[in-house]
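Here is the structure we will look at, set down as structure tokens.
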Amino acid sequence: MMIASTTAAPPLWLLAPFALLLACVAMGPLFFPHFWHKRYPLIAVLLGAVSAGWYLLNGITSPMLHALEEYVGFIALIGSLYIVSGGIHIRVKGEATPTVNCVYLLIGAILANIIGTTGASMLMIRPWIRMNKYRITSFHIVFFIFIISNVGGCLTPIGDPPLFMGYLKGIPFLWVFEHCWEGWIVCVLGLIAIFFVFDRANFLRAPKAVRDKETAHETWEFNGLHNVFFIGLIIIAVLAMPAGWREAAMLVAALGSWFTTRKSVHEANDFNFEPLKEVAWLFVGIFATMVPALSYLQAEPPPIHSAHAFYWATGALSGVLDNAPTYLAFLATAMGQQHLDLASRPDVIRFAAEHAGILEAISLGAVFFGAMTYIGNGPNFMVKAIAEHQKVHVPSFVGYFLRFAVPILLPFLTIVGILFFSRWRIFG
């Protein structure tokens, strides 16, 4: 999403629709689930309309037009990857051991950099549920979101939307890998190690029949592999095509996958459009209501200067705003402090070369902290919705944040920040 091009901050009351939408997303499924699941599209649209209406009535059209353009691109990417990956069925027989689960998460983290966190999440969540079906719990879904839907995708611009936004602005394609690989290794392997502790305890509590060598062994079968071609088409569209053509190519890939995939494959995946529908409606409201928040941030930039401060500032907002616009907001702030312009490609290239530590902090803060809530990154909500549809118990918005993100992820990301960006840093 682009940064709103207003010269003054909007009125503070205009932040209320965004705060209210976040409250509804957090509390609605918990306190009035029937009403929420039936009315959430209307609630999201109405709150978004309040924000959009203020801008349009005041003759400020550019921010909302940019938000609409980026929303279309966001849904095109999310939707096409969802449909294409839903045409690939990975059949798993047996019950995974903790070691196999850790290897699977590592493979997913690597794959996230090739087909994006969305593509990797949609491709791998259903097999993940099947291979742990006898003992799957909330932490299996949460750590999947932590690792595959978020932190795994920080090595390439394809990996996560904020990095792709930076690439479009002029940051060289290989810059992310060259500067973030150490952070990727520490964060991915660290979270997998924490997961192993949880999963080992879970495995040992399982009935002996589940832990038996004959059961705890997987056989794999792949169907619908022709969809790899359509995933390739989406990647080419992301990297090489201008806006408009890019979304059209993604639509072609999605339609091609849908009509060439056997019905039996979709049925085996229990494929339906409900998770995509939920993301599409909720993010209509999120993209519209967060325009005032980003405008306010741009008009009243926080007094931050060090890499460690940028890591925390970007991370703090990436958990509650979509991490792509948050990345752009703080990149614009950091460049402005150096009298450079985010709209100038040569300035962006210069900033990446001369202030690599600040850019690394913004990049890792946006990608890693996108896992703090379900709305921090697009795939998070989709994984949650698919898991719920598969009858897996997943934590509520508040439960995810308070039971897992705060006590597990946040302390770990604090350590990462100290290791990479503080005065006591070991890396960098």
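In our numbering, the protein residues as written are 1068 to 1495. Ideal Cβ positions, reconstructed from N, Cα and C, are used throughout, including at glycine.
Return the first residue and the last residue of the alpha helix (DSSP H) that residue i is part of.
| i | result |
| --- | --- |
| Ser1385 | 1374–1385 |
| Ser1216 | Unbroken run through Ser1216: none, as it is neither H nor E. |
| Asn1336 | Run containing Asn1336: none; DSSP gives neither H nor E here. |
| Asn1294 | 1294–1307 |
| Leu1486 | 1477–1488 |
| His1246 | 1242–1272 |
| Ser1411 | Where Ser1411 is concerned, there is no enclosing alpha helix (DSSP H), given that its DSSP letter is neither H nor E. |
| Gln1457 | It is not in any alpha helix (DSSP H) - Gln1457 carries neither H nor E in the DSSP assignment. |
| Phe1494 | Phe1494 -> no alpha helix (DSSP H), and no H or E assigned at all. |
| Ile1442 | Here Ile1442 belongs to no alpha helix (DSSP H), and DSSP marks it neither H nor E. |
| Thr1400 | 1390–1404 |
| Ile1425 | 1423–1436 |
| Arg1313 | 1312–1327 |
| Leu1469 | Element bounds for Leu1469: n/a, residue is neither H nor E. |
| Leu1230 | 1228–1236 |
Using 9 Å as the threshold, is the C-beta distance between residue i and residue j below it?
| i | j | result |
| --- | --- | --- |
| Gly1443 | Ser1205 | no |
| His1422 | Ala1401 | yes |
| Gly1154 | Asn1269 | no |
| Ala1316 | Ile1303 | yes |
| Leu1178 | Ala1187 | yes |
| Phe1487 | Ile1429 | no |
| Gly1352 | Leu1114 | yes |
| Gly1437 | Pro1224 | no |
| Val1415 | Gly1219 | no |
| Ile1214 | Phe1262 | yes |
| Ile1407 | Phe1397 | According to the sequence as given, residue 1407 is Leu; it is not Ile. Taking 9 Å as the Cβ cut-off, Leu1407 and Phe1397 do not qualify as a contacting pair. |
| Asn1290 | Gly1226 | no |
| Asn1339 | His1460 | no |
| Ala1433 | Ser1489 | no |
| Met1198 | Tyr1171 | yes |
| Phe1479 | Asn1217 | no |
| Pro1474 | Ser1118 | no |
| Ala1366 | Ala1076 | yes |
| Ile1150 | Leu1292 | no |
| Trp1121 | Leu1081 | yes |
| Cys1254 | Val1450 | no |
| Val1209 | Pro1462 | yes |
| Leu1431 | Gly1250 | yes |
Return the residue from the list the options that minimises the CA-CA distance to residue i.
| i | options | result |
| --- | --- | --- |
| Ala1086 | Ile1145, Val1351, Val1387 | Val1387 |
| Gly1175 | Arg1417, Val1483, Leu1190 | Leu1190 |
| Asn1390 | Gly1484, Leu1361, Pro1413 | Leu1361 |
| Val1139 | Phe1338, Ile1493, Gly1311, Trp1121 | Gly1311 |
| Pro1108 | Ile1215, Cys1091, Val1243 | Cys1091 |
| Asp1266 | Ala1187, Leu1081, Ile1301, Thr1166 | Thr1166 |
| Thr1393 | Arg1412, Met1357, Thr1128, Leu1123 | Met1357 |
| His1156 | Ile1196, Gly1183, Ala1163, Thr1164 | Ile1196 |
| Leu1089 | Ala1335, Gly1323, Phe1350, Phe1244 | Phe1350 |
| Pro1239 | Leu1258, Ala1472, Leu1426, Phe1464 | Leu1426 |
| Phe1464 | Gly1484, Gly1146, Thr1440 | Thr1440 |
| Phe1297 | Pro1359, Pro1309, Val1319, Arg1313 | Val1319 |
| Arg1158 | Phe1210, Arg1193, Asn1168 | Arg1193 |
| Leu1258 | Arg1492, Ile1493, Leu1477, Phe1326 | Leu1477 |
| Glu1341 | Leu1132, His1104, Leu1135 | His1104 |
| Ala1273 | Met1094, Thr1128, Lys1200 | Lys1200 |
| Gly1146 | Leu1241, Trp1325, Leu1256, Ala1134 | Trp1325 |
| Trp1348 | Ala1116, Phe1099, Leu1123 | Ala1116 |
| Phe1468 | Pro1084, Met1094, Ala1083 | Met1094 |
| Ala1335 | Ala1260, Ala1355, Gly1323, Ser1152 | Ser1152 |
Identify the residues that DSSP records as bridge partners of residue i: which are they?
| i | result |
| --- | --- |
| Ile1157 | Phe1289 |
- Completely contained alpha helix (DSSP H) runs for the stretch 1089–1127, where each covers 4 or more residues: 1100–1124
- Task: At 3 residues or longer, and completely inside the stretch 1131–1196: list those beta strand (DSSP E) runs for me, N to C.
- Result: 1156–1160
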